[in-house]
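K.L.:
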Amino acid sequence: MNIIIVGAGKIGSYLTSQLAEENHKVLVIEKNKDVLDRLLSLNDVMGILGDGTDPRILKEAEVSQCDIFVALALEDDTNIIASVLAKSMGAKYTIARAREPKYTNDLDFMRSCIGVDNFVNPEYYAAKEIQRTLKYPDAHSVEAFLRGKVNMIQIEIDKDSGMLNKSLEELNQSGHLDGALVCIAKYHDHIFIPGGDHVLKEGEFIHIAGDRETLYRIYRSEIEKEHTIKNVMVIGASRIGYYLSKLLLERNFEVTIIEIDREKAYRVQEALPRAVVINTDGADPDILAEERISNYDAVISLTGIDQENIIISLVARKLGIRKIMTKVDNMKLLKLTGILDMDDTITSKRAASDFVIRLVRSKESIKGFSIKNLYRLEDERVEAIEFNVVEDSYVIGKKLKDLKTKDNTLVSYIQHDPHGKVSVANGDSVIQLGDRVLVMTTHKNFAEIDDILE
Numbered sequence: 461m462n463i464i465i466v467g468a469g470k471i472g473s474y475l476t477s478q479l480a481e482e483n484h485k486v487l488v489i490e491k492n493k494d495v496l497d498r499l500l501s502l503n504d505v506m507g508i509l510g511d512g513t514d515p516r517i518l519k520e521a522e523v524s525q526c527d528i529f530v531a532l533a534l535e536d537d538t539n540i541i542a543s544v545l546a547k548s549m550g551a552k553y554t555i556a557r558a559r560e561p562k563y564t565n566d567l568d569f570m571r572s573c574i575g576v577d578n579f580v581n582p583e584y585y586a587a588k589e590i591q592r593t594l595k596y597p598d599a600h601s602v603e604a605f606l607r608g609k610v611n612m613i614q615i616e617i618d619k620d621s622g623m624l625n626k627s628l629e630e631l632n633q634s635g636h637l638d639g640a641l642v643c644i645a646k647y648h649d650h651i652f653i654p655g656g657d658h659v660l661k662e663g664e665f666i667h668i669a670g671d672r673e674t675l676y677r678i679y680r681s682e683i684e685k686e687h688t689i690k691n692v693m694v695i696g697a698s699r700i701g702y703y704l705s706k707l708l709l710e711r712n713f714e715v716t717i718i719e720i721d722r723e724k725a726y727r728v729q730e731a732l733p734r735a736v737v738i739n740t741d742g743a744d745p746d747i748l749a750e751e752r753i754s755n756y757d758a759v760i761s762l763t764g765i766d767q768e769n770i771i772i773s774l775v776a777r778k779l780g781i782r783k784i785m786t787k788v789d790n791m792k793l794l795k796l797t798g799i800l801d802m803d804d805t806i807t808s809k810r811a812a813s814d815f816v817i818r819l820v821r822s823k824e825s826i827k828g829f830s831i832k833n834l835y836r837l838e839d840e841r842v843e844a845i846e847f848n849v850v851e852d853s854y855v856i857g858k859k860l861k862d863l864k865t866k867d868n869t870l871v872s873y874i875q876h877d878p879h880g881k882v883s884v885a886n887g888d889s890v891i892q893l894g895d896r897v898l899v900m901t902t903h904k905n906f907a908e909i910d911d912i913l914e
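Letter by letter, the sequence shown follows residues 461 to 914 in the numbering used here.
#1: Going by C-alpha to C-alpha distance, which of His658, Lys470, Asn581 and Ser548 sits closest to Tyr563?
#2: Are there 16 or more other CB atoms within 10 angstroms of the CB of Gln915, so buried, or fewer, so exposed?
#3: Under 8 Å by Cβ, that's how I've got Ile651 and Thr902 pegged, so tell me the actual separation to the nearest angstrom.
#4: Assign Gly663 to buried or exposed, taking buried as 16 or more other Cβ atoms, counted over all protein chains shown, within 10 Å of its Cβ.
#5: Measuring CB atoms only, is the segment 643 to 660 touching the segment 676 to 691, in the sense that at least three cross pairs come out at less than 8 Å?
#6: Ordered along the chain, which non-local residues of its own chain (more than five positions away) have a Cβ less than 7 Å from that of Tyr756?
#7: Do three or more CB pairs link the segment 888 to 901 to the segment 857 to 873 at distances below 8 Å?
#8: Rank Lys491, Arg498 and Val495 by C-alpha distance to the C-alpha of Ile517 and give the top, closest one.
#9: What is the rounded straight-line gap between the Cα of Thr740 and the Cα of Met549?
#10: Which partner residues of Met693 appear in the DSSP bridge assignment?
#11: For Phe579, which of helix, strand or coil comes out of DSSP?
#12: Does DSSP classify Thr901 as helix, strand or coil?
#13: What does the alpha-carbon distance come out to for the pair Val505 and Val488?
#14: For the segment 805 to 821 and the segment 467 to 476, state whether three or more C-beta atom pairs, one from each stretch, are separated by less than 8 Å.
#15: For the beta strand (DSSP E) that contains Tyr647, what are its first and last residues?
#16: Based on Cα-Cα distance, which residue from Lys778, Val759, Leu779 and Val788 lies nearest to Ile770?
#17: Please name the residue in Ser853, Glu846, Ile617 and Leu863 whose C-alpha comes closest to that of Gln875.
#18: Ends of the alpha helix (DSSP H) at Val775?
#19: Between which two residues does the beta strand (DSSP E) harbouring Leu509 extend?
#20: Could you tell me which residues DSSP pairs with His667 in its beta bridges?
#21: Use the C-beta contact count for Val736: other C-beta atoms within 10 angstroms, 16 or more gives buried, fewer gives exposed.
#22: Could you spell out the range, first to last residue, of the alpha helix (DSSP H) harbouring Gln892?
#23: Would you call Thr807 buried or exposed, if buried means 16 or more other Cβ atoms sit within 10 Å of its Cβ?
#24: Any contact of the segment 715 to 724 with the segment 593 to 608, i.e. 3+ C-beta pairs under 8 Å?
#25: Start and end of the alpha helix (DSSP H) containing Ser830?
#26: Would you check if the segment 631 to 644 and the segment 693 to 711 touch, i.e. whether three or more CB-CB distances between them fall below 8 Å?
#27: Quick test of your reading: Phe665 and Glu616, contact by CB under 8 Å. State the CB separation rounded to the nearest angstrom.
#28: Out of curiosity, what's the CA-to-CA distance linking Lys493 and Leu509?
#29: How would you call Glu560, buried or exposed, if buried means at least 16 neighbouring beta carbons within 10 angstroms?
#30: Comparing C-alpha positions only, which one of Arg896, Ile464, Ala697 and Ala731 sits nearest to His879?
#31: Cutting at 7 Å between CB atoms, please list the residues of its own chain near Leu631, excluding the five before and the five after it.
#32: In whole angstroms, what is the alpha-carbon distance linking Lys866 and Glu914?
#33: Could you name the residues that DSSP lists as bridge partners for Thr554?
#34: Closest by CA to Pro733, which one among Leu496, Lys706, Asn611 and Asp744?
#35: What would DSSP say about Leu637, mapped onto helix, strand or coil?
#36: With hydrogens ignored, establish whether the beta-carbon of Lys646 is closer than 7 Å to any heavy atom of the ligand MN.
Following this line, the structure appears as structure tokens:
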């Protein structure tokens, strides 16, 4: 596909690399020459030095021939103006990054009013990811699928686990996994979709999916002592910090926000009067001790500097905080140092990239918008994809056991009605037109449900 991206910042450069790997024709518009040169040196894409809101630059980029136009500059206004211009000049589908609440509170109105096809808010997506994770504080990650009817958590099999040295088939027959499904397994650096004969080993990480009640039952059986979270310290009144604090306050958490910038601290206090806001340096270990950080159930470090967030998290770990989450955009920093658990880190660029790539693949599909959601897990080595089953799909009306699916691919859940019950898929399950189906796979580039087939 012909894709134009405005802005080569953290999110724009990350998305560019992901789309280039999927062999799309990508052109990037960026005002900063050094930033653009670096991006072009790392990716097989084209670039234009200039302003994405300049009609002459958009004409030079041949925006009228563009399949998807994505504006990811730092300023919301720039993205909205660029997307409106691109749409009026013939771009087929436009996406604008919009982070300010004044733009994101009513997206339906924004779409109908200004004509931009879609909006992406990376900071809100990251905040939702953190908020979900706090429901299961001893899990390593938490995902939600199929309109929130299916959750998935990652846990480690330890020496006291009731699932240790048992096959998945045994666990199903005993009722331990009744209503749940082990979708992904990771042992050392090997990541795979386990079959029924797979035996769980000590030190193995598994992703278990199920409805909330079933998942919580299994979670409680694996956790020796439940660790509940009530008091949360958020360090950094960034946009993620604002969205997260708002979500937590709506769910009756007690939230304390630490922000070094006085104006930001005043603004967030005015916007969130129920939060306790402290204007001080949250990266100073002495100040954290003064603010009694050890009394909090969870500490979330969300400053704009990766190194500060890592230091804050290490201090919190040393003081015995059970749940620590850290915003780190430079994932190479974590991989090289290995000083923090990768699963307890947040990066807003990944969620934004998943959102755009889902739209790109849906536009590619000859059967229309069959992908409803796409999530990349385990350092992007596994994809979880929600498909809408559309007309002429080969899988319609056939039992799963009669379909030859690709290896390391699992049809995990099926929802027959938009508001109806979600069922665990098995060999006798039959996919029907209009169903929504959740698929887990280590393969890349699935664009429609029939891609699961050999």
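Quick reminder that beta carbons are idealized off the backbone N, C-alpha and C, glycines included.
P.N.:
So, from the data block:
#1: If you number the sequence shown from 1, residue 563 lands on position 103. Answer by Cα proximity: Asn581.
#2: Not covered by the structure: residue 915. The range shown for the chain is 461 to 914.
#3: Numbered from its first residue, the sequence shown carries residue 651 at position 191. Numbered from its first residue, the sequence shown carries residue 902 at position 442. Contact holds; Cβ gap of about 7 Å.
#4: Here residue 663 is taken as the residue at index 203 of the sequence shown, counted from 1. Around the CB of Gly663, fewer than 16 other CB atoms lie within 10 Å, so the residue is classed as exposed.
#5: With the cut-off at 8 Å, the segment 643 to 660 and the segment 676 to 691 do not touch.
#6: Residue mapping note: residue 756 aligns to position 296 of the sequence shown, counting from 1. Once the five neighbours on either side are set aside, the close Cβ partners of Tyr756 are Asn691, Val692, Met693 and Ile781.
#7: As far as the Cβ criterion goes, the segment 888 to 901 touches the segment 857 to 873, which means the pair count is three or higher.
#8: Locating residue 517 in the sequence shown gives position 57, where the first residue counts as 1. Per the Cα distances, Lys491.
#9: As a first step, residue 740 is located in the sequence shown; it is residue number 280 there, counting from the start. As a first step, residue 549 is located in the sequence shown; it is residue number 89 there, counting from the start. Looking at the two C-alpha atoms, the distance is approximately 48 Å.
#10: Counted from its first residue, the sequence shown places residue 693 at position 233. Bridge partners of Met693: Thr716 and Val759.
#11: Residue 579 sits at position 119 when you count from the first residue of the sequence shown. Secondary structure at Phe579: strand, using DSSP grouped into helix, strand and coil.
#12: Numbered from its first residue, the sequence shown carries residue 901 at position 441. It is a strand residue.
#13: Taking the first residue of the sequence shown as position 1, residue 505 is located at position 45. Taking the first residue of the sequence shown as position 1, residue 488 is located at position 28. The straight-line gap from Cα to Cα measures roughly 8 Å.
#14: Yes: the two stretches touch, three or more of their Cβ pairs being nearer than 8 Å.
#15: Indexing the sequence shown from 1 puts residue 647 at position 187. Looking at the DSSP string, the run of the beta strand (DSSP E) that includes Tyr647 is Leu641 to Tyr647.
#16: Within the sequence shown, the letter at position 310 stands for residue 770. In terms of Cα proximity to Ile770, the closest of Lys778, Val759, Leu779 and Val788 is Val788.
#17: Position 415 of the sequence shown, counted from the first residue, corresponds to residue 875. Considering only alpha carbons, the answer is Glu846.
#18: Here residue 775 is taken as the residue at index 315 of the sequence shown, counted from 1. Judged by DSSP secondary structure, Val775 falls within the alpha helix (DSSP H) whose first and last residues are Asp766 to Lys778.
#19: If you number the sequence shown from 1, residue 509 lands on position 49. First-last of the beta strand (DSSP E) with Leu509: Met506 to Leu509.
#20: Here residue 667 is taken as the residue at index 207 of the sequence shown, counted from 1. In the DSSP assignment, the residues bridged to His667 are Gln614 and Ile644.
#21: Start at 1 with the first residue of the sequence shown, and residue 736 comes out as number 276. Classification of Val736: exposed, given that the 10 Å Cβ count is below 16.
#22: The residue given as residue 892 occupies position 432 in the sequence shown. Where Gln892 is concerned, there is no enclosing alpha helix (DSSP H), because DSSP gives it neither an H nor an E.
#23: Locating residue 807 in the sequence shown gives position 347, counting from the first residue. With 16 or more Cβ atoms within 10 Å of its Cβ, Thr807 is classed as buried.
#24: With a cut-off of 8 Å, the segment 593 to 608 and the segment 715 to 724 do not count as touching, because too few Cβ pairs lie within range.
#25: For this step, residue 830 is matched to residue 370 along the sequence shown. Counting along the chain, Ser830 falls outside any alpha helix (DSSP H), and DSSP gives it neither H nor E.
#26: Touching, no, given that fewer than three Cβ pairs across the two stretches are closer than 8 Å.
#27: Residue numbering aside, residue 665 sits at position 205 when the sequence shown is read from its first letter. Residue numbering aside, residue 616 sits at position 156 when the sequence shown is read from its first letter. With a Cβ gap of about 5 Å, Phe665 and Glu616 count as contacting.
#28: Position 33 of the sequence shown, counting from 1, holds the residue named residue 493. Position 49 of the sequence shown, counting from 1, holds the residue named residue 509. If you take the alpha carbons of Lys493 and Leu509, they lie about 6 Å apart.
#29: For the purposes of this step, residue 560 is taken as the residue at position 100 of the sequence shown. Burial state of Glu560 is exposed, judged by a 10 Å Cβ sphere holding fewer than 16 other Cβ atoms.
#30: For this step, residue 879 is matched to residue 419 along the sequence shown. Taking the Cα of His879 as reference, the smallest distance to any Cα among Arg896, Ile464, Ala697 and Ala731 is reached at Arg896.
#31: In the sequence shown, residue 631 corresponds to position 171, counting from 1. Only residues of its own chain outside the window of five on either side were considered, and among them Met623 and Leu637 have a CB closer than 7 Å to the CB of Leu631, listed in chain order.
#32: As a first step, residue 866 must be located in the sequence shown, where it is residue number 406. As a first step, residue 914 must be located in the sequence shown, where it is residue number 454. Distance from the CA of Lys866 to the CA of Glu914, rounded to the nearest whole angstrom, comes to 5 Å.
#33: Taking the sequence shown and counting its residues from 1, one reaches residue 554 at position 94. Answer is Phe529.
#34: Within the sequence shown, numbered from 1, the residue matching residue 733 stands at position 273. Distance check between Pro733 and each of Leu496, Lys706, Asn611 and Asp744 places Lys706 closest, using alpha-carbon atoms only.
#35: Taking the first residue of the sequence shown as 1, we reach residue 637 at position 177. For Leu637, the three-state secondary structure derived from DSSP is coil.
#36: Inclusion of the ligand MN in the displayed structure is not the case, the ligand content being empty and no account of it being possible.
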